[in-house]
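> Just so you know, the protein sequences line up as chains X and V, in that order.
With the numbering used here applied, the first sequence closes on residue 1091, and no number is skipped along the way.
With the numbering used here applied, the second sequence closes on residue 1091, and no number is skipped along the way.
No residue lacks a Cβ here, since even glycine has one placed at the ideal position from N, Cα and C.
So that we are looking at the same thing, I have put the structure below in structure tokens.
2 protein chains.
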Amino acid sequence: MRVLGVDPGSRFMGYGVVEERRGRLTHVGHGVIKVDPDAPLPHRLMVLHAELAGALSKYRPEAVSVEGVFTFRNARSALVLGHARGVALLAAAQKGLPVFEYPPARVKRSVGAGGADGKDAVARMVCALLKLEAIERADASDALAVALCHLNQGRAAGLVVGTSRSARSKSRKGAAALLADRLSPSYRRPEAR
Amino acid sequence: MRVLGVDPGSRFMGYGVVEERRGRLTHVGHGVIKVDPDAPLPHRLMVLHAELAGALSKYRPEAVSVEGVFTFRNARSALVLGHARGVALLAAAQKGLPVFEYPPARVKRSVGAGGADGKDAVARMVCALLKLEAIERADASDALAVALCHLNQGRAAGLVVGTSRSARSKSRKGAAALLADRLSPSYRRPEAR
């Protein structure tokens, strides 16, 4: 099972790829997509979408994992985050990949960090779990953490926000996703406009 | 000048196309993209993106116009609206089209409706301006209104949220967009995460 975690933001979008084979976790790759903060929003979204689609093509994950958003600084920042998150979810759906969403507290727990721990602690735990010396940016370590969360805990507790659209991708979902599918009544659907 | 207005929502996305030639406004087309409310969010975003991209290819506008979001019911609905808005802005940017954003009050004024008027009044004014008998859905009449806003008032007051990325599309922008470009310091950039 290979999972790509995403930490979406409108200026920086982190991604991280982790593979589990016979109970062993292996770091496959990670990166941060940076956009020009002075570029118009539609152009920034185009860059985020194209680069994330490129990472999905390069790493060919079987699932995409993303942190849920449950607390907001304010409505305007929620709107802007929604734009970036929308193009990230779109890129995953266009590849026919299932998307799983986890609450931030569960992501932290899954790497052994506590609810009060900051991004530094998460990065240290991710490095320890994946035998990395350091991860240069929190966007990437957060993305690896949410990928680990799906692999470590997701089998029983994943909240499916997206399922595949074809038999082909269904066959790639694996037991974890199918189990999470069965648990999907617990998925909290965001309010629709 | 042909403009496609968009009224983005995560369940219904309205669009409307208006053309101005020698001071005459002509209704070109409109529609509402509907998505299955029970489908997972990433799948809904994929449908919205594909269908809006299809409308842009069909109608070949020179600009896209969208209502700005300045008031919010709550942060969660702002997040969900952001997802839909993100894929709409992405579709416009991928076609190399400039995107203009107008405050809701200006959209209403541009069709002769007052700030306190509801969607019904906007629909009636849009029908009168474009010589239509009726428009079946408010999503579509709101989209036509924001297209009219760009044609009626946008020349001096448009807030550019997106500009084209190529010389090809630059040449398609027209005087209104270029003038709005010059006025872009008034563009209120949303907070970045």
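So the alpha helix (DSSP H) Leu1028/V belongs to, where does it begin and stop?
Walking along the second sequence from the start, residue 1028/V turns up at place 130. Its alpha helix (DSSP H) spans residues 1017 to 1028.
> Expressed to the nearest angstrom, what Euclidean distance is found between the alpha-carbon atoms of Arg909/X and Asp1037/X?
Sequence index remark: in the first sequence, residue 909/X carries index 11 (1-based). Sequence index remark: in the first sequence, residue 1037/X carries index 139 (1-based). Roughly 11 Å separates the two Cα atoms.
> With DSSP as the reference, please indicate the residues paired to His928/V in a beta bridge.
Residue numbering aside, residue 928/V sits at position 30 when the second sequence is read from its first letter. According to DSSP, His928/V bridges with Gly914/V.
> Hey, is Ala991/X's beta-carbon within less than 7 Å of any beta-carbon in chain V?
Within the first sequence, numbered from 1, the residue matching residue 991/X stands at position 93. Yes, Ala991/X counts as interfacial toward chain V.
> Compute the Euclidean distance between the alpha carbons of Ala1019/V and Gly1012/V, then round it to the nearest angstrom.
Here residue 1019/V refers to the residue found at position 121 when the second sequence is read from its first residue. Here residue 1012/V refers to the residue found at position 114 when the second sequence is read from its first residue. Whole-angstrom Cα-Cα distance: 9 Å.
> Give every residue of the same chain whose Cβ lies closer than 8 Å to the Cβ of Leu988/X, excluding the five residues on either side of it in the sequence, and list them in chain order.
One-based indexing of the first sequence puts residue 988/X at position 90. Correct list, in chain order: His947.
> Strictly under 7 Å for the Cβ-Cβ distance: is His1048/V near chain X by that measure?
For the purposes of this step, residue 1048/V is identified with residue 150 of the second sequence, where counting begins at 1. Judged by the 7 Å Cβ criterion, His1048/V is not in contact with chain X.
> Looking at the unbroken beta strand (DSSP E) that takes in Glu949/V, where does it start and where does it end?
What you label residue 949/V is simply residue 51 of the second sequence in a count that begins at 1. Careful: Glu949/V lies outside any beta strand (DSSP E), inside the alpha helix (DSSP H) at 939 to 957.
> If you drop the 5 nearest sequence neighbours on each side, which residues of the same chain put their C-beta closer than 6 Å to that of Gly914/X?
On the first sequence, position 16 is the one that residue 914/X refers to. Within the same chain, Gly914/X has close Cβ partners Gly903, His928, Ala1038, Ala1041, Leu1042, Ala1045.
> Using a Cβ-Cβ distance cut-off of 7 Å, determine whether Val967/X contacts chain V.
Your numbering for residue 967/X matches position 69 in the first sequence. It does: the Cβ of Val967/X has a partner Cβ on chain V nearer than 7 Å.
> Report the residue from Ser955/V, Lys932/V, Tyr957/V, Lys956/V whose alpha carbon sits nearest the alpha carbon of Val945/V.
Taking the first residue of the second sequence as 1, we reach residue 945/V at position 47. Of Ser955/V, Lys932/V, Tyr957/V, Lys956/V, the residue nearest in Cα terms is Lys932/V.
> Going along chain V in order, which residues have a C-beta closer than 9 Å to the C-beta of Val930/X?
Counting from one through the first sequence, the residue named residue 930/X turns up at place 32. Near Val930/X there are no residues of chain V at all, since even the closest Cβ is about 13 Å away, more than 9 Å.
> I want to see whether chain X comes within less than 7 Å of Phe970/V, judged by CB atoms only; does it?
Start at 1 with the first residue of the second sequence, and residue 970/V comes out as number 72. Interface residue, yes.
> In the DSSP output, what is Val962/V paired with across the bridge?
As a first step, residue 962/V must be located in the second sequence, where it is residue number 64. Leu902/V, Val997/V.
> So, with DSSP's three-state summary, where would you put Arg1007/V?
The count along the second sequence starts at 1 and reaches residue 1007/V at position 109. Residue state, collapsed to three classes: helix.
> If I measure Cβ to Cβ from Thr924/X and keep anything under 8 Å in the same chain, skipping five residues before and after, which residues do I get?
As a working mapping, residue 924/X is identified with position 26 in the first sequence. Same-chain partners within the cutoff: Val916, Glu917, Glu918, Leu1028.
> If we call anything under 7 Å between Cβ atoms a contact, is Pro996/X one with Arg900/X?
What you label residue 996/X is simply residue 98 of the first sequence in a count that begins at 1. What you label residue 900/X is simply residue 2 of the first sequence in a count that begins at 1. Against a cut-off of 7 Å, the Cβ pair of Arg900/X and Pro996/X comes out as no contact.
> Mind checking whether Arg980/X and His981/V have CB atoms under 7 Å apart?
As a working note, residue 980/X is residue 82 in the first sequence. As a working note, residue 981/V is residue 83 in the second sequence. A small correction: the amino acid at residue 980/X is Gly; Arg does not occupy that position in the sequence shown. Gly980/X is a Cβ neighbour of His981/V, given a cutoff of 7 Å.
> Can you say whether Arg1066/X is buried or exposed, counting buried as having 16 or more other CB atoms within 10 angstroms of its CB?
For the purposes of this step, residue 1066/X is taken as the residue at position 168 of the first sequence. Because the pLDDT at Arg1066/X is just 34, under 50, the model does not fix this residue reliably, and the value given afterwards should be weighed accordingly. It counts as exposed.
> Arg919/X by DSSP, collapsed to three states: which one?
Residue numbering aside, residue 919/X sits at position 21 when the first sequence is read from its first letter. In the structure shown, Arg919/X sits in a strand (DSSP, three-state: E or B).
> Below 7 Å between beta carbons is the criterion; list the residues of the region 973 to 989 of chain X that meet it against any residue of chain V, in chain order.
Ala973, Arg974, Ser975, Ala976, Leu977, Val978, Leu979, Gly980, His981, Ala982, Arg983, Gly984, Val985, Leu987, Leu988
> Since Asp905/V and Glu965/V are thought to touch, with beta carbons under 8 Å apart, how far apart are those beta carbons, to the nearest angstrom?
Locating residue 905/V in the second sequence gives position 7, where the first residue counts as 1. Locating residue 965/V in the second sequence gives position 67, where the first residue counts as 1. Yes, they are in contact, since the Cβ atoms of Asp905/V and Glu965/V sit about 7 Å apart, within 8 Å.
> Under 9 Å Cβ-Cβ, which residues of chain V neighbour Val997/X?
As a first step, residue 997/X must be located in the first sequence, where it is residue number 99. Those are Pro938, Leu939, Pro940, listed as they occur along chain V.
> Could you run through the region 942 to 956 of chain V and flag, in chain order, every residue whose CB is less than 7 Å away from some CB of chain X?
Leu943, Met944, His947
> For Asn1050/V, report the span of its alpha helix (DSSP H) as first-last.
In the second sequence, residue 1050/V corresponds to position 152, counting from 1. Where Asn1050/V is concerned, the enclosing alpha helix (DSSP H) stretches over 1036 to 1050.
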